[in-house]
Amino acid sequence: MEKKTVRDIDVKGKKVLVRCDFNVPIKDGEIADDTRIRAALPTIRYLLESGAKVVLCSHLGRPKGEVNEKYSMKPVAERLSEELDAKVKCAEDVTGPSAKDMANELKEGEAGLLENVRFDPREEKNEESLAIELADLIGNEGIYVNDAFGTAHRAHCSNVGVTKYVDTAVVGYLMQKEIDFLGNAVNNPVRPFVAILGGSKVSSKISVINNLLDKVDTLIIG
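When you line the sequence shown up against this note's numbering, it's residues 5 to 226, in that order.
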C-alpha cells in the first residue's frame, strides 16, 4: 500500500503538524519507558533537518476530556528535548492562546509540543471545531503528518478530522514502516500464518478480527 511520505514533499519553512504516539507510561512524573518517543525520532529529526517548523501532538492516557496534570505532556517534552539536544517547548493548552503562540514563534528547525489532545473533550468525538483549530495552528500552507500507527484506527480530531482542513497530508517514517510490514504480512504471508491481537478494548478490534479471519490460519486474542 503506497502512501505519500514526508520525503515526497518540500517542508522547508513550513509549519508541520505531526500526530505522534507519545502515550508512554509515566510514574511519579517520570517516563518509565520511552520506546514510543524514540520510535518517532526519525520523522521528527528529518523534518527539523529539512527546515520545517514542527508542531507535535499526541494523547497520553485517558483523561476523559478534562485537564489532569497526571497526564500532562510536559515530561514528554523534556525527554524530546534531551533526545533532540534542543529545547522542545510544551504548550499549556491544545489549541488555545499558549498553543497558538508556540506555533507562531517556531523558527525553521524548531519543534514544540501541544498539551495532551485528550484534555479537550472534542478530540475523541472528532468534532469539526477542534479539527479546524488544529489546522489553523499551521495555517493555509501547513502540512499534516500522521506518524501514530497505534491510534490510526480511531476516528479522532488529531488523526482524522484535521485532514479535511489541510491541503497536504502524508505519513511519517514509523507509519510507513508499519504499513509496509503489515501489507506484506497480510497479502503475502508465510504459512502457517498466525496473528496475535492484543489490547484492552475488544469492541474496537471487531472489524480487525473480521478482516483477518479469512486470511490467517490461527488468530490468538490476548
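Positions of the beta carbon are idealized from the N, C-alpha and C atoms, including for glycine.
Treat the numbers as computed from the prediction; the structure is a model and nothing was measured.
Exposure of residue i, with buried meaning 16 or more beta-carbon neighbours within 10 Å
i: residue 111; result: exposed
i: residue 12; result: exposed
i: residue 63; result: buried
i: residue 160; result: buried
i: residue 95; result: buried
i: residue 165; result: buried
i: residue 127; result: buried
i: residue 198; result: exposed
i: residue 224; result: exposed
Straight-line Cα distance separating residue j from residue i
i: residue 105; j: residue 50; result: 24 Å
i: residue 195; j: residue 184; result: 19 Å
i: residue 87; j: residue 149; result: 20 Å
i: residue 30; j: residue 72; result: 13 Å
i: residue 137; j: residue 101; result: 11 Å
i: residue 103; j: residue 209; result: 33 Å
i: residue 192; j: residue 186; result: 10 Å
i: residue 190; j: residue 226; result: 19 Å
i: residue 182; j: residue 156; result: 11 Å
i: residue 56; j: residue 141; result: 14 Å
i: residue 97; j: residue 59; result: 13 Å
Neighbourhood of residue i by C-beta distance below 6 Å, restricted to the same chain and skipping five residues each side
i: residue 3; result: Here the chain covers residues 5 to 226 and nothing more, so residue 3 does not appear.
i: residue 46; result: 177
i: residue 21; result: 59, 142 and 148
Residues near residue i by beta carbon distance below 7 Å, same chain, minus five either side
i: residue 67; result: 75, 120, 122 and 123
i: residue 167; result: 148 and 173
Which listed residue (the options) has its alpha carbon closest to that of residue i
i: residue 139; options: 89, 151, 162 and 153; result: 162
i: residue 132; options: 178, 169 and 100; result: 169
i: residue 48; options: 108, 190 and 115; result: 115
i: residue 65; options: 204, 18 and 211; result: 204
i: residue 18; options: 39, 109 and 44; result: 109
7 Å Cβ cutoff, residue i in contact with chain C
i: residue 14; result: Within the model displayed, chain C is absent; a lone protein chain is all it includes.
Residues near residue i by beta carbon distance below 8 Å, same chain, minus five either side
i: residue 85; result: 91 and 92
i: residue 53; result: 113
i: residue 99; result: 118, 124, 134, 137, 138, 140 and 141
Touching by the beta-carbon criterion (3+ pairs, under 8 Å), the stretch 117-129 and the stretch 75-91: yes
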